[in-house]
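Novice:
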Ligand code: SF4
Ligand code: SF4
């Protein structure tokens, strides 16, 4: 990596460490480009886990999803702390089980639907504040520090994937801070992904033995998810909208 | 000039015997923390903690940097206050660490609208405001609206 200049912490590096840096003889901070900083304390560097070389996605095999199973939903609630308050009209729902019925044959299909982590997310396009954003690795998130709760994104999302928090919150999970007046949705368990783990719903689905969900890097041709997608047919929900979602469904 | 200096010296001489104890109660009472002190020193933390947290929150949120130095959940590993029952006090309590100073300087902290205000794993009690039922809320709104309507008639507006 090319390091253009060596200068003391003046940009986004918190000024709080400045005094410390002055006194700590071995500590050096490099400003590489605007918004990118390296903090070197004897060689260690601070760098985010979000990697533009990856695109995280899910493949859901609808045939393997049991109709009466809600393990993924419960796991998500537990992991991210969004349990309902008994008011279904306004309760948050990051992931839900949807049942489709073919009226001609009577065949029923059950599958989980959550934020589809669109490549071209309408929720990001319409957001007036920049709170709704797509990470370098394709995960679509709401930065609640910026969200003003206008709910424009909720109207723009074709999958009803987002929820508005109506009531004051407490006892939140450290994994997913959430509060009144902001919008939220599936984060693809970004806090786990950044640690190299898989989302809670996928883990729970595996634990039931159904194994209906696969998580992985769509840009890596050697990943299990990419291989399956290449080998077997799959669909995106609402392909007519051309959003290229990161969540795909097989046998639908 | 000389007279001013003498006067200043006199003032200082008078002020000298005043000990730190005499100032007790004039500032916020900061709850004792556990754990190692901040390497940056308390002076830096007092002045700059908000900047540190803002910087690190953007790194976490947008770049996925999880190994950060200043995270709000980490604060509570040392800066949490126990209540009589042995649990932790939440931001709803005046005894909460953050409130000790922020109440004193009348600065409202918005962090806990979304973040939990106790260490991870502790089961926070229900919010007081959430104890009210929908009926109570409606009653409250009705009383308020009736009050407004009353004000308008009293002010002599044409009916
Ligand atoms: S599914 Fe909805 S919330 Fe998720 S990225 Fe697409 S438009 Fe946004
Ligand atoms: S509710 Fe928040 S995230 Fe959604 S569009 Fe408005 S500001 Fe953006």
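Residue numbers (the working numbering), protein chains in the order written: chain P, 1 to 252; chain G, 1001 to 1159. Just so you know, even glycine gets a beta-carbon here, dropped at the ideal spot from N, CA and C. All values reported here derive from a predicted model rather than from experimental measurement.
Tell me which same chain residues have a C-beta within less than 8 Å of the C-beta of residue 138 of chain P, skipping the five on either side of it?
Specialist: 54, 55, 56, 57, 117, 119, 218 and 246.
Novice: With a cut-off of 8 Å, does the C-beta of residue 1102 of chain G fall near any C-beta of chain P?
Specialist: Nearest CB-CB separation between residue 1102 of chain G and chain P: not below the 8 Å threshold.
Novice: For the alpha helix (DSSP H) containing residue 1028 of chain G, list its first residue and its last residue.
Specialist: Residue 1028 of chain G -> no alpha helix (DSSP H), and no H or E assigned at all.
Novice: So, for residue 96 of chain P: in the same chain, excluding its five sequence neighbours on each side, which residues have a beta-carbon less than 8 Å away from its beta-carbon?
Specialist: 73, 112, 113 and 114
Novice: Give the secondary structure of residue 216 of chain P by DSSP, where H, G and I count as helix, E and B as strand, and everything else as coil.
Specialist: strand
Novice: Kindly identify the DSSP beta-bridge partner or partners of residue 252 of chain P.
Specialist: None, per the DSSP bridge assignment.
Novice: In three-state terms, what does DSSP make of residue 99 of chain P?
Specialist: strand
Novice: Cβ closer than 8 Å: which chain P residues qualify as neighbours of residue 1114 of chain G?
Specialist: 144, 169, 172, 177, 178, 179 and 182
Novice: Pick from P/122, P/239 and P/189: whose alpha carbon is nearest that of residue 81 of chain P?
Specialist: P/189
Novice: Thinking residue 1085 of chain G and residue 1030 of chain G are a contact (beta carbons under 8 Å), I'd like their distance in whole angstroms, please.
Specialist: Contact flag wrong, Cβ pair sits at about 22 Å.
Novice: Where do the ends of the beta strand (DSSP E) carrying residue 1122 of chain G lie?
Specialist: It is not in any beta strand (DSSP E) - residue 1122 of chain G carries neither H nor E in the DSSP assignment.
Novice: Listed in chain order, which residues of the segment 188-204 of chain P have Cβ atoms closer than 9 Å to some Cβ of chain G?
Specialist: 190, 191, 193, 194 and 195
Novice: Are the beta-carbon atoms belonging to residue 1073 of chain G and residue 1124 of chain G less than 8 Å from one another?
Specialist: no
Novice: List the residues that DSSP assigns as beta-bridge partners of residue 109 of chain P.
Specialist: P/100
Novice: Beta-carbon separation of residue 1098 of chain G and residue 1035 of chain G under 8 Å?
Specialist: no
Novice: Say yes only if the C-beta of residue 159 of chain P is nearer than 7 Å to one or more non-hydrogen atoms of ligand 1, and no if none qualify.
Specialist: For residue 159 of chain P, the Cβ falls inside the 7 Å cut-off from some heavy atom of ligand 1.
Novice: Report whether the distance from the Cβ of residue 129 of chain P to the nearest heavy atom of ligand 2 is below 7 Å.
Specialist: yes
Novice: Is residue 122 of chain P near ligand 1, judged by its Cβ being under 7 Å from some heavy atom?
Specialist: yes
Novice: So what does DSSP say about residue 245 of chain P, is it helix, strand or coil?
Specialist: strand
Novice: Does residue 135 of chain P get closer than 8 Å to chain G when you measure Cβ to Cβ?
Specialist: In terms of beta-carbon proximity, residue 135 of chain P lines the interface with chain G, with at least one pair separated by less than 8 Å.
Novice: So which residues of chain B does residue 1036 of chain G contact, with C-beta pairs closer than 8 Å?
Specialist: Absent here is chain B; the protein component of the structure consists of chains P and G.
Novice: For residue 1088 of chain G, is the classification buried or exposed, using 16 other Cβ atoms within 10 angstroms of its Cβ as the cut-off for buried?
Specialist: So residue 1088 of chain G counts as buried.
Novice: Measure how close the beta-carbons of residue 62 of chain P and residue 109 of chain P come, nearest whole angstrom, since I'm counting them as under 8 Å.
Specialist: 6 Å
Novice: To which residues of the same chain is residue 1070 of chain G closer than 8 Å at the C-beta, ignoring the five residues directly before and after it?
Specialist: 1049, 1052, 1053, 1055 and 1056
Novice: Going along chain P, which residues have a C-beta under 7 Å from residue 1090 of chain G?
Specialist: 170
Novice: Would you check if there are 3 or more beta carbon pairs closer than 8 Å linking the segment 1059-1069 of chain G to the segment 182-202 of chain P?
Specialist: yes
Novice: Cβ of residue 122 of chain P within 8 Å of Cβ of residue 156 of chain P?
Specialist: Cβ atoms of residue 122 of chain P and residue 156 of chain P: closer than 8 Å.
Novice: Skipping 5 residues on each side, what residues in its chain have a beta carbon closer than 7 Å to that of residue 134 of chain P?
Specialist: If the five residues before and after residue 134 of chain P are omitted, its C-beta is found closer than 7 Å to the C-beta atoms of 121, 124 and 140, all from its own chain and listed in chain order.
Novice: What's the call for residue 1106 of chain G, buried or exposed, on a 16-neighbour Cβ count within 10 Å?
Specialist: By the 10 Å Cβ count, residue 1106 of chain G comes out exposed.
Novice: Could you give the residue range of the alpha helix (DSSP H) that holds residue 141 of chain P?
Specialist: Per DSSP, residue 141 of chain P belongs to no alpha helix (DSSP H); it is in the beta strand (DSSP E), 140-142.
Novice: Would you check if the distance between the CB atom of residue 1112 of chain G and the CB atom of residue 1091 of chain G is smaller than 8 Å?
Specialist: Yes, they are a contact pair.
Novice: What does residue 1150 of chain G touch in chain P if you count any residue whose Cβ is under 8 Å from its own?
Specialist: Simply none; closest approach about 30 Å.
Novice: How far does the alpha helix (DSSP H) with residue 134 of chain P in it extend, from its first residue to its last?
Specialist: Per DSSP, residue 134 of chain P belongs to no alpha helix (DSSP H); it is in the beta strand (DSSP E), 132-134.
Novice: If residue 151 of chain P sits next to residue 183 of chain P, beta carbons under 8 Å apart, how far is it from one beta carbon to the other, in whole angstroms?
Specialist: 6 Å
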